[in-house]
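Undergrad: Before anything else, here's the structure in question.
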Amino acid sequence: MSQLPADARAVVIGGGVAGCSVAYHLARLGWTDVILVERHHLTEGTTWHSAGFVGQLRSTVTQTRMIMYSAGLYPELRELTGLDPGWHGVGGLRLATTPERMEELLRQAGAAETYGLDLEVLDPRGTHDRLPLLEVGDVLGSLWLPGDGWLDPARLGHALAEGARALGVRIFTGVEVTGIDVHDGRVTAVRLRGEDGEHSEDGEHVVRTETVVNAAGAAAGVVGRMAGADIPIVPIKHQYVVTPASGVPAETPTVRDPDNIVYFREEDGGILVGGYIRSPQVWDTDRPLSEPRTLFTPDMPKFRESWDSAVRRVPSLKPVGAGDDPAAFRKVVHGPEAFTPDGEFLLGETAVAGLWVAAGFCVHGLAAAGGVGKVMAEWIVEGAPEYDVFGMDVRRFGSYARSAHWARARALDSYSTYYDIVYPGEERTAARPLRRSPAWVRHEALGATFGEKAGWERANWYPPTPDAGTAHSAQSAQAAQAVRTVRPRGWAGRVWSPAIREECLATRDAAGLFDQTSFAKLEISGSVADLERLAGNALDRPVSAEVSARGYPVVYTQLLNERGGIEADVTVTRLAEDRFRLVTGTAFGVHDAALLRRHGLAVADVTSAYACYCLWGPRAYEILASLTDDDLTFGYLRAAEISVGHVPVLALRVTFVGEFGWELYCPSEYGLTLWDSLMEAGLPHGMRPAGYRALDSLRLEKGYRVWGLDVTPETTPLEAGLGFAVRPERRAALPSPRVALRCLVLDDERDVCQGGEPLRLDGRPVSRVTSGGFGHRVGRSIAYAYLPVEVEPGERVEIGVNGRRVGATINREPLYDPEGARVRAEPWAAADR
């Protein structure tokens, strides 16, 4: 303790692989005035008992890239540090025993070729040849990844720590964090106490700092609460065994058998066997990791499912026994793993400025530790990481994640379903329903099929009902026949309903009513100049509440990082000289609010204060005009305060479906009344309530982008085809694009992309689909992907869909209403004639 400094540029809390990797990578970027503190000895929290698997192929490109980086770093650590991290580059097998799993492996293999990841698809015989001890009678195939392997977790942690020390980082063990000081929402100091009894007069040593990294593993939630930050970490008990030595070769590949929820590898001549059981148990404690090297009593009945699966796959394990006697194994490891509500890392800056987190190393934490250290260091030092890490950003969770009951239910679900096939569009069911719009009761009464995002229940589609769109009339009936649809092939057909088409065509021919209450709404106070420094588009436009003066201006813009990458995709309504309302995607409110606050703006999240219903379609004007005496003739990208029936409404003339209409915002207490009024007035005109599946189909046809899919912090507005939304001086500062987002139309309408499919140009893998779906108004299967800028409309590509390559043509966009006449229509002019 006496050696602890009074000041440090950064303090890293936690001496597992997370903390050691962050400290090492901070030092590599020049931040050497860093201290790392650990309550026990290094790696004695949860790192030491990890099974040590390093499997590179993951469900997202960012996960895969991070682990590919780690797999490259780990073998180099011996040379860099002089310490052996215990790397065993033996390769890995991932098995499939069902047609659905084989399709998943083929999808992953297709995506892997666009990452440059070396792998091979094997048949059962090839699988057996790779590892003869396997029983492959039920195996349909496997993936062989020669770059996979495993390592000793404790040795890896020590190697990273030694690398950090060599670059100037100071590491202190036996030091407990007793508090984190926060002033005006920003970290100012860390309070420490040593186990040796050395301390200052008041019992603590204070280190002044403006940057703290919470890498405390299963204790990250406790550390976060010291600063008033919510870190939804749930310690869950996980178990594996190691059999006695039996001559298993050291070069034996790692094996994952997800259909049988088991994994195994060689260890000291025996076999390490583990799995993700269906009935996991939370470690219920207020002081996780208060003791070093925490283990629980073996629970062999719970482990029986994994052991039985392992014996079926490796018959030579049978002599070890039935798996019910701990004494039959060389060791039984039953310890805590730090899980999160969605099974993904928690990375980035929290709501407390200067308090960062690198936690939630469940499942593949050891494999990605190198990549996590890299992105965290880039984020802290340079302001943004190289990769798009929103799926791991701690700000993807809102205040609802403060509930320990909610976090536990979701974390247990993530654990128990870890090896399940994740079908695109499939909805989780744990801890639902949670957040509901005022009209939720009406959606439920109509028989809506619900999805969930950020805790919100949202209607995906409604079944056809006699009173929903009864006046859809002969015109729409004929149109429905003209644009036929059949169930898509493969996985896309799992989340399909004929009702989606009906909702799309009703929106085109009459009107659709969409409940978008879940969309995040932020009230911003500050100067327009401060907001414009972050925004790509010009926001300094005259403001007036009077419709006769054209109302409030509404601006579509992106919020950009220093590299010109898109950090958010939003609409901004200027309500006064220094007051704005920003609307962003359902899951992005916390992220976007933090971004705005970092630029000196005052932000209030008012999402729950307002309901939002979107009335879009050619008959929207007639419907709304029947409910108000107010002037509705304000133009596109303008807003006005009106009354709808008895309800005060802020009406925004914008669209996300390519049809005329408005987003209608009202205080939440009026929400049910407004919905009922719109339904009563709209049904006679052929209006239908419509859900998010229809919304996605309609926006694809119009070429509207989705942040996190089509646009990310790694892409610029010029690459994304959004140059029109960037003011000239900001556009001039953007880098010249090397790729461009292109619209693709697939040859066969039953081949429907869902995102992530590999794309080939001239026989070479060049890209992946960002998003895709079926366009019911145009009757085409549509996808978007980034391609080299020199590729022109009319050229041909191949896309890997449903395990085969299908043809597609690059098209000019948008496919629907390319002149924008429907969006900018003035139906009141026709009514006056």
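Heads up, the sequence shown is in the working numbering, so the first residue is 60 and it goes up one at a time.
C-beta atoms are modelled at their ideal positions from N, C-alpha and C, and glycine is treated no differently.
Do G397 and L406 have their C-beta atoms closer together than 8 Å?
TA: The question names Gly, but residue 397 is Ala in the sequence shown. Cβ atoms of A397 and L406: not closer than 8 Å.
Undergrad: Can at least three beta-carbon pairs, one atom from the region 736-750 and one from the region 854-869, be found at a separation below 8 Å?
TA: Output reads no: the region 854-869 does not touch the region 736-750.
Undergrad: Pull up the distance between the alpha-carbon of P601 and that of P612, whole angstroms please.
TA: P601 and P612 have their alpha carbons spaced roughly 7 Å apart.
Undergrad: Is the CB-CB distance between G780 and S736 below 8 Å?
TA: Not a contact, by the Cβ cut-off of 8 Å.
Undergrad: To the nearest angstrom, report how far apart P183 and R372 are at their CA atoms.
TA: 13 Å
Undergrad: Under 8 Å, do S496 and D574 count as touching if we go by C-beta distance?
TA: Remark: C-beta atoms of S496 and D574 approach each other more closely than 8 Å.
Undergrad: Quick check on the DSSP output: the alpha helix (DSSP H) that includes A588 runs from which residue to which?
TA: 587-593 is the extent of the alpha helix (DSSP H) around A588.
Undergrad: How far does the beta strand (DSSP E) with E511 in it reach, from first residue to last?
TA: Counting along the chain, the beta strand (DSSP E) containing E511 begins and ends at 508-512.
Undergrad: Can you pull the DSSP bridge partners for G720?
TA: DSSP lists W675 as partners of G720.
Undergrad: Using the C-alpha atoms, what's the distance from V332 back to A41?
TA: The requested residue 41 does not occur in the structure, where the chain is confined to residues 60 to 892.
Undergrad: Given A541, which residues of its chain have a CB within under 6 Å of its CB, disregarding the five upstream and five downstream residues?
TA: With a pLDDT of 46 at A541, under the threshold of 50, the modelled position of this residue cannot be trusted; read the value that follows with caution. Correct list: empty, nothing qualifies.
Undergrad: Assuming V96 and L251 make a contact with CB atoms under 8 Å, what is their CB distance in whole Å?
TA: 6 Å
Undergrad: Counting only runs that start and end within the region 79-104, where is the beta strand (DSSP E) found for 3 or more residues in a row?
TA: 93-97
Undergrad: Please tell me whether G644 and T774 are closer than 8 Å, where the distance is taken between their beta carbons.
TA: no
Undergrad: Just to confirm the assignment, what range does the beta strand (DSSP E) spanning L759 have?
TA: That residue, L759, is in no beta strand (DSSP E); its alpha helix (DSSP H) goes 751-761.
Undergrad: With distances taken from CA atoms, which of A428, A679, P317, A504 is nearest L164?
TA: P317
Undergrad: Indicate the three-state DSSP secondary structure (helix, strand or coil) for D689 in the structure shown.
TA: In the three-state scheme derived from DSSP, where H, G and I count as helix and E and B as strand, D689 is classed as coil.
Undergrad: Answer with buried or exposed for E310, where buried requires no fewer than 16 other C-beta atoms within 10 angstroms of its C-beta.
TA: exposed
Undergrad: Here's a check: name, in chain order, each residue in its chain whose Cβ is nearer than 8 Å to the Cβ of A530, leaving out the five neighbours to either side.
TA: Only weak support exists for where A530 lies, its pLDDT of 39 falling under 50; the coordinates are left without a value.
Undergrad: Confirm, please, whether the CB-CB distance from Y474 to Y335 is below 8 Å.
TA: Yes; because the gap between Cβ atoms is below 8 Å, this pair is in contact.
Undergrad: Quick one: residues in its chain with C-beta nearer than 6 Å to the C-beta of R98, no 5 flanking neighbours on either side, listed in chain order?
TA: Taken in chain order, the residues that qualify are E235.
Undergrad: Please state if the CB of G104 and the CB of A277 are separated by a distance shorter than 8 Å.
TA: yes
Undergrad: Quick one, are the C-beta atoms of E403 and G442 less than 8 Å apart?
TA: no
Undergrad: Give, in chain order, every unbroken run of the beta strand (DSSP E) that is at least 3 residues long and sits entirely within the region 211-291.
TA: Listed in chain order, they are 229-232, 234-242, 245-253, 264-267, 271-273.
Undergrad: In whole angstroms, what is the alpha-carbon distance linking A895 and F362?
TA: Here the chain covers residues 60 to 892 and nothing more, so residue 895 does not appear.
Undergrad: Please classify S201 as buried or exposed, where buried requires at least 16 neighbouring CB atoms within 10 angstroms.
TA: buried
Undergrad: Taking the C-alpha atoms as reference points, what is the distance between I94 and R87?
TA: Each residue's Cα considered, the two are about 14 Å apart.
Undergrad: Please confirm if R284 has its CB atom under 8 Å from at least one CB of chain B.
TA: Absent from the structure is chain B; it holds one protein chain and no more.
Undergrad: Given this structure, state the Cα-to-Cα distance separating L711 from L641, to the nearest angstrom.
TA: 12 Å
Undergrad: May I have a chain-ordered list of the alpha helix (DSSP H) segments no shorter than 4 residues that lie completely inside the region 312-382?
TA: 359-372
Undergrad: For A565, which three-state DSSP category applies?
TA: Note: A565 maps to helix in three-state DSSP.
Undergrad: Out of P134, T102, L101, E739, which has the shortest C-alpha to C-alpha gap to L113?
TA: Reading the sequence as shown, one finds Val at residue 113 and not Leu. Here the closest residue by C-alpha is P134.
Undergrad: Can you tell me whether S702 is helix, strand or coil according to DSSP?
TA: strand
Undergrad: Counting C-beta neighbours from all protein chains within 10 Å, is the total for F647 16 or more, i.e. buried, or is it exposed?
TA: buried
Undergrad: For S826, which of helix, strand or coil comes out of DSSP?
TA: strand
Undergrad: Answer with buried or exposed for H650, where buried requires no fewer than 16 other C-beta atoms within 10 angstroms of its C-beta.
TA: Buried, because 16 or more other Cβ atoms sit within 10 Å of the Cβ of H650.
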